[in-house]
Each structure stands twice: as C-alpha cells, then as structure tokens.
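Chains as they are written, first to last, in the working numbering: chain A, 3 to 234; chain B, 127 to 469. Even for Gly, the Cβ is constructed at its ideal location relative to N, Cα and C. Nothing here was measured: the structure is a model prediction, and the numbers come from that model.
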Amino acid sequence: MTDARTRVLVIEDELPMRRFLRATLASHGYDVVLAASAAEGVAMATQHQPDVVLLDLGLPDADGLALTQQIREWSQVPILVVSARGREDDKVQALDAGADDYLTKPFGVNELLARLRAALRRSAGIEASSGVLVVGALEVDVPRHVVRVRGEPVHLTPIEFRLLLVLAKHAGRVLTHRQILQEVWGPNAGSQNQYLRVYMTHLRRKLEVDPARPKLLLNEPGVGYRLDDSGA
Amino acid sequence: MVPVVAAAALAGALGDIVDLSDVAMMLLVAIAAVAMTLGRGPSIAAAFLAVGLLDFFFVLPFFTFKVNDLRYLVTFAVMICAAVLIGSLAERLARLAGEAEAARVRAETEELRSSILSSVSHDLRSPIGVVLGAATTLLDERTLLAPDQRTELTATIRDEASRLARLVSNLLDMSRVDAPGLEVVAEWVPVEELVGAALSRLDARLSAREVIIRVPSTVLVLVDPVLFDLVLVNLLENVLKHTPEGSPIEIDARSSADAVTIDVADRGPGIPRGSEARVFEKFVRAGGATGGVGLGLAICRGIARAHGGTITASNREGEGAVFRVTLPLRGEPPVPPIEASVE
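In structure tokens, the structure reads:
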C-alpha cells in the first residue's frame, strides 16, 4: 500500500449520493472507493481493505442488514449504516448485527465527518477495559470503581457503574437497548428491560449539569443510548 | 311486530265502533310502519302476523283460522302485497340515502385532497424553484458573480433544500400518523429523557433561546418513544417558528393520580382568539407564518390521540401561548429495586 490516507468504502445505489459523498470525502482527505450494489460492495471490501465502510441500508440487491452480517464474518472494519428517519427498526437490527453507528438521511457534512472520525478513533483506539477511561469531563477508574465528573467524585450504585462502564467502553458509539442489557445483566437481562430508562435518568441526575439537556448520556429515540465523546 | 299487535289490540278494544275493513286498514298502517323502518323481510313477516290476527280474532268464525267468506282471502293477499311493495321501496330509499352520503363524503375527501395538493405543491415548488434557479446561475459561465454573491447563492440552495427536507419529513410523518392502524409500541419512558432527546435534536436552532425546564425525573409516561419524540419536536419547532428570536421557552411536566400533563409554553404573540382548536387542523398556518405546510400541530394531535390523550392550545396570562398534552396514566410505572451504593 503506497497510499497512507484513510480509505472509505461507500456502498450506495443512488448516483447523486455517491457523487456527493466522493466529492465531500475526497476534499477532506479521504481515499474514497465506491460501490453501487451490495455485491460490488462485498467485492470492494475484500479487494481494497477499507478503514471504514459507509453502508446504505436501502440497497436494491440485498438488504444492508444481511450485508453487515456478511462483512462481520471476516472483518472488524467499522461500519456506519445510513438510512431514513422512521426506519429506526432497521437501524437497531443493523447495530445488533454488528454495525458501529448510523446516520439518518438527510445528514449534513459536519455530522458525516464527525461520525467517521469517531468510528475511526474507536477502531484505532485502545480496547481498554482496564485502567482509566476518560470521556470528556468524565473519568471512569475501572479497577477502583471510582467515577469522577468535572473532577468531582460521584457515588454510583453497582448497576449504575456497570451501565456507565459499558457506555464508556463504547464512548461515542450508539448502543441499542439490547446490547446494553446483555452487557450489563448478561443472559438474565430480560426482566431488567423496563428499568433501563429509569437507571439512565439516575445516571443523568448524578453526571449531567442539567439532566434534561444532557451533554454526555444521550438518548436516541427508537435506537438506543450514546455516551457522547465529541466534546472530548 | 309490536305495531301489528298494538293495532290488533286497539281494534279489539274499539269493538263494534269499527268494522272489519277499518281493522284491515289499521293493520295495513302497522305493516307500513314495520316496512318503513325494518325493510322487506320483517314487513312480510308482519303481514303474515296481521293476516293471522285478522283471521283469528275478527273474521267469522272467530277464534279459528277458518275463513267462511272467500272475499277475505283477497284482503289477506292485498296486505301481503302491500308489505312486499312498501318494504322494497323502503329498502331502495335507504340504499339511495347511503349512496348519497357516500358521495358527499367522497366529495369532501376530494375537496380536502385537492386543497392538500395545491397547498403542498406550492410549498414544494417554491424552494425547488429557488434551488434550480440559484444552481443554474452558479453553473452559467456567462454570469459574472462576485465571490460573496456565489457564497450567498450557495447558502440559499442549502437553506431551501433543508426547508424541502423539513416539508417532506412532515408530510411523511403526517401520512404515517394518519394511516389506519398506526402502531403504538408503548413503554414507560421518563418525560425528562423525551424532553432531552427533543432538545438535543433542535440544539442548533435553540442556541439563542432560554429554555426553562421544570420536569421532575420521576414523571414517567407510557408512550411510543419514537412517535412521542415527534410531538415534542413539532411543538418546539412550532414555538421557534411563531415567536420572536431570543424569547424564552418553558417546558413543564406534572403527574396526577390518573394523568400526566406536559406543557410547552412561549412568550410569543399567542393564538388568535377563537383559533385555539383550529390550529391543530391540517394545513392551517397561523399568522401567515412561512416555512411550513401547517402539519406540525396536526401531527402532534394525531399522535396524542393515538395514545388515548389530548392536546390543547390556549393563551397564557400576560403574553404567549401554551400547548398542553394530557396523557392518561394507565398502570404503574416501573420502580427498580433499591440497591446498595458503592464507596
């Protein structure tokens, strides 16, 4: 590989959208590879080894969900799925199948670039599950079970701590309710489903300056929760 | 059958004052009454009952179904024929009335559809026209444009395209909310979380506004979070559209024994007196506001109703409007088990 630029594979069937994405991403220094169908996308993914994949969920020849699963069989490349508002179920399915994040059409350039950077940062980042996780104003000392926000220590219950830890480990990335439940409670998560939102409000009370205008623990209706690291 | 029996009883009570032909007439009136209200089948049954009663009680020999004078068979036949005729007529009349009603509804729907079409096509056409025009000017090599004019045209394209995007998503939301069998997947959600999500979605447009939030974290509602998000976003967008830049927005939530109310209030010009209910109608735009199709509040109402709730608008003391969503409180919100705190 002679090119050190970050390579983005765009799998998108609409020509104007491909044009826009190629121009925008190229002008921001990305090396862009385009695919117009799912079949072409798989071929490109194996051939070009992209650093991140931007995948439209409305492809004509295969659904994006199947494609996500197919790519996940052999690659851990970050996948950002793109779909319209009102298709929250599609996004949740794709995220549960291993996609890393999503964008809702129509999206702005800044949002696109921020999501790409976040996905790349995570894939390059430390897979830290021990040590101290720092997300913006938040510090999670994993071995000592100590949490600080804006320098101040915060007392969390065991469940709140585990919940925060899961979100902090995947900072910047949206996690579906199912993913959070499984990571926090494991196979017995079923009965906890109804409490998740309540625990999240408890966490916001303890961590946010204004819990009704959260800057850290963001709720994405119909999809899941995200610990925002863009302010980091 | 009651009118027939009543007529026969009346005739019996009147005794000698009436003769047999009067009795037959009275029964005929009763048959007609049955025919008009219930149609042909019941009217024929009524006719047979009438014939039976007439024969048994009024025709010699009394208290038997025998008939001595064949003339009465003609009376019986006339009664049955009248029943069939009047019954058929009544049914046809009912059918015609039904068709007329259907035609009226069709005409109204048609009228609504054409007003929707003209409203929507105007609102879609105007931004499309601007985008096309600006892009053409930018591409035309013969036009000499100063750099700041280029920037201005490009910004216009961006703004108009986002206006189009808002219009289209409003139309899609409305058709989703209007669709028969709108699926409401309700779960207990803290109102604080719903408000937080709506506010962060509008973050950029709210930057110049003071938002005063009085939402206790303990207030939970049983709603479809995706649909209810649309209610809050549309209410807030409505405030942004109709109130002066920089004026404050207030969000309140309260729960009582049987309902949760959520208020979105502003300090704008308020709602024209008498329009408090009309603002929730489709394609109604208050105060000549531009930039919308007039669907936001209709979407709110549709979703509130789908949850068994209501939405109202009123003017505040002093200045401004308040929009209140009331949702019935059904069942108990979940309370997680208490756990020990860690050090």
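- Leu-290(B) and Leu-23(A) have their C-alpha atoms spaced approximately 20 Å apart.
- Contact between the segment 105-122 of chain A and the segment 187-199 of chain A is not established, with fewer than three Cβ pairs separated by less than 8 Å.
- Among the residues of the segment 302-332 of chain B, those with a Cβ less than 7 Å away from any Cβ of chain A are Arg-302, Trp-314, Val-315, Pro-316, Glu-318, Glu-319, Val-321, Gly-322, Ala-323, Leu-325 and Ser-326, in the order of the chain.
- What Ser-343(B) touches in chain A, judged by beta-carbon distance under 7 Å, is Thr-203, Arg-207 and Pro-213, going in chain order.
- Taking a C-beta distance under 8 Å as the contact criterion, Val-448(B) and Leu-293(B) do not qualify as a contact pair.
- By the C-beta criterion, the segment 72-91 of chain A is judged to be in contact with the segment 54-63 of chain A, since at least 3 inter-stretch pairs fall below 8 Å.
- The segment 64-80 of chain A and the segment 139-153 of chain A do not touch, with fewer than 3 CB-CB distances between them shorter than 8 Å.
- When secondary structure is reduced to three states using DSSP, Phe-449(B) falls in the strand class.
- In the three-state reduction of the DSSP assignment, Ala-116(A) falls in the helix class.
- For Asn-441(B), the enclosing beta strand (DSSP E) stretches over residues 436-441.
- Residue pairing from DSSP places Ile-388(B) in a beta bridge opposite Ala-379(B) and Val-451(B).
- Non-local C-beta neighbours of Leu-115(A) in its own chain, meaning closer than 7 Å and more than five positions away in sequence, comprise His-30, ordered along the chain.
- Taking Glu-42(A) as the centre and dropping the five residues before and after it, the same chain places the C-beta of Ile-13 closer than 8 Å to its C-beta, in chain order.
- Think of a sphere of 8 Å around the beta carbon of Pro-395(B): no beta carbon from chain A falls inside it, the nearest being about 26 Å out.
- In terms of beta-carbon proximity, Val-352(B) lines the interface with chain A, with at least one pair separated by less than 8 Å.
- DSSP places Arg-340(B) in the strand class (E or B) of the three-state scheme.
- CA-to-CA, the gap between Ala-137(B) and Leu-186(B) works out to about 16 Å.
- Shown here, Gly-100(A) sits in coil according to DSSP, grouped into three states, outside any helix or strand.
- Closest option to Ser-343(B), judged by alpha-carbon separation, among Val-134(A), Ile-182(A), Leu-165(A) and Lys-208(A): Lys-208(A).
- With contacts defined as CB atoms closer than 8 Å, Asp-15(A) and Leu-67(A) fail to qualify as a contacting pair.
- A Cβ-Cβ distance of about 18 Å is found for the pair Glu-319(B) and Arg-180(A), leaving them out of contact under the 8 Å criterion.
- Nearest Cα to Arg-431(B) within the set Asn-441(B), Arg-450(B) and Arg-442(B): Arg-450(B).
- When the alpha-carbon of Gln-194(A) is set against those of Glu-376(B), Ala-324(B), Thr-263(B) and Pro-460(B), the nearest one is in Pro-460(B).
- With fewer than three CB-CB distances shorter than 8 Å, the segment 220-229 of chain B does not count as touching the segment 241-250 of chain B.
- Rounded to whole angstroms, Arg-215(A) and Ala-323(B) show a C-alpha spacing of 8 Å.
- Below the 8 Å Cβ cutoff, chain B contributes Gly-322 and Ser-326 as neighbours of Pro-216(A), in chain order.
- Residues of chain B with a Cβ closer than 7 Å to the Cβ of Gly-224(A) are, in chain order, Pro-351 and Val-352.
- With 16 or more other Cβ atoms from the protein chains shown falling within 10 Å of its own Cβ, Arg-9(A) counts as buried.
- Closer than 8 Å to the CB of Glu-465(B) there is at least one CB belonging to chain A.
- Think of a sphere of 8 Å around the beta carbon of Asp-355(B): the chain A residues whose beta carbon falls inside it are Pro-223 and Gly-224, in chain order.
- Listed along chain A are Tyr-197, Val-200 and Tyr-201, each with a C-beta nearer than 7 Å to that of Pro-462(B).
- At a beta-carbon threshold of 8 Å, none of the residues of chain A lie near Ser-381(B); the nearest stands roughly 14 Å away.
- Under the 8 Å criterion on CB atoms, Ile-339(B) is classed as interfacial with respect to chain A.
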